[in-house]
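These notes concern the structure reproduced below.
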Amino acid sequence: ESSEVPRIDTAMWPRSFDKLRMTLIDMAEEIRKENYAPLSDVLRQNIVTTLAAQESVFLFLNKRGYSRAIVCKDCGYVFECPACQKPLISHKNASQATVKAFEALLCHTCGYREELPPLCPKCGGAYFVFRGKGTQKVEALLQKEFPGMKVVRMDRDVVVPRHSEHSKESRPLGRNQRFARSFANAQDDNMNNKTLQQKTIFVGTEFALSRIDWPTIGLVGVLDIDSMLAMPDVRATERVYQLIRRMLAQ
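Under our numbering, think of the first position of the sequence shown as 57, with each following residue one higher.
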């Protein structure tokens with residue numbers, strides 16, 4: 057504290073740290089136990105306990121889509137954006153259950169889109185590996201592990217803000233935004249209806265933080281935090297801290 061840098065007292069937050077219990081899970085230990093899922097055993101147990109207490113769960117993963125890279129199993133070819141040279145993100149249509157369910161591969165930087173071809177464009181192989189995880193993959197995992205429970209995904213692929221919510225939305229939608237709007241459905245109204253947020257497992261990105269009814273949330277899990285810390289950005293650690301602080305302050 058000095059005359060130039062004011063002191064910030066966490067006791068002034070809406071909910072102070074002393075009321076919260078935080079646990080850091082070493083996912084390397086989970087792998088040694090042959091648990092390759094994004095959910096640790098401790099997190100699974102806490103999800104069950106929280107739902108039994110009639111409270112909701114929010115799992116934060118700041119990655120949209122289903123997988124982060126699509127790789128040919130035969131030759132190792134990676135589908136990349138021709139403009140950005142970044143791996144394309146697969147987006148899955150939940151109404152289908154086959155490889156054809158991957159309606160499009162998207163670049164989240166420039167909005168480039170292409171359909172997933174049936175064969176590798178380099179070697180003609182027919183088998184692809186979908187590496188990494190996004191909110192869609194975690195949503196599918198939760199639906200499988202917690203059958204009968206309501207699982208709601210909250211990201212821009214499901215809900216796109218209405219034109220009246222933000223002034224910038226009055227401009228024409230870009231290619232990526234138009235694709236995102238095609239996924240919008242009745243969940244939009246469900247997310248805005250706080251009475252439907254009881255005893256629900258939410259999985260979402262930063263986009264969801266302003267839409268969650270926080271008083272109903274009894275457990276928050278942050279998934280794959282290492283990848284956020286490893287971003288090639290000098291501000292990566294500060295950004296992760298700000299995101300966690302934002303959730304804790306609720």
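Here a beta-carbon is modelled for each residue, glycine too, at the ideal position from N, C-alpha and C.
Asked                                                                                                              : Found
Contact belief for Thr38 with Leu285 at Cβ below 8 angstroms, rounded distance in angstroms                        : Absent from the structure is residue 38, since the part of the chain shown begins at 57 and ends at 306.
Contact the segment 198 to 213 vs the segment 129 to 139: 3+ CB pairs below 8 angstroms                            : no
Span separating the alpha-carbon of Leu161 from that of Ile145                                                     : 5 angstroms
Runs of alpha helix (DSSP H) lying entirely within the segment 87 to 112, each at least 4 residues, in chain order : 97 to 108
Residue nearest to Leu279 in terms of C-alpha spacing, selected from Val259, Cys179 and Cys137                     : Val259
Terminal residues of the beta strand (DSSP E) in which Met210 lies                                                 : Lys206 to Met210
Where Arg302 falls: helix, strand or coil (DSSP)                                                                   : helix
Element boundaries [beta strand (DSSP E), containing Ser123]                                                       : Here Ser123 belongs to no beta strand (DSSP E), and DSSP marks it neither H nor E.
Residue burial classification, Val185 (beta-carbon count within 10 angstroms, cutoff 16)                           : exposed
Same chain, Cβ closer than 6 angstroms to Gln306, five either side skipped, listed in chain order                  : Trp270
Local conformation of Leu175 per DSSP, three classes                                                               : coil
Span of the alpha helix (DSSP H), counted from its first residue to its last, around Val194                        : Thr191 to Glu201
Within 8 angstroms, strictly: CB atoms of Ile281 and Val296                                                        : yes
Span of the alpha helix (DSSP H) around Leu285                                                                     : Ile281 to Leu285
Helix, strand or coil at Phe263 [DSSP, three-state]                                                                : helix
Val194: CB within 7 angstroms of a non-hydrogen atom of the ligand ADP                                             : For the ligand ADP, the structure offers nothing, since it holds no ligand at all.
Between the CA atoms of Pro177 and Asp103 - distance to the nearest angstrom                                       : Before going on, a small fix: residue 103 reads as Ile here, not Asp. One C-alpha to the other measures close to 42 angstroms.
Span of the beta strand (DSSP E) around Gly349                                                                     : Since the displayed the chain opens at 57 and closes at 306, residue 349 lies outside it and no answer follows.
Helix, strand or coil at Thr256 [DSSP, three-state]                                                                : strand
Buried versus exposed call for Ser96 [16 or more other C-beta atoms within 10 Å across all chains shown]           : buried
Per DSSP, cross-strand counterpart(s) of His147                                                                    : Ala160
Which residues DSSP lists as bridging Cys128, in chain order                                                       : Phe184
Assigned exposure category for Glu195 - 16 Cβ within 10 Å defines buried                                           : buried
Proximity below 8 angstroms, CB of Leu275 to CB of Thr79                                                           : no
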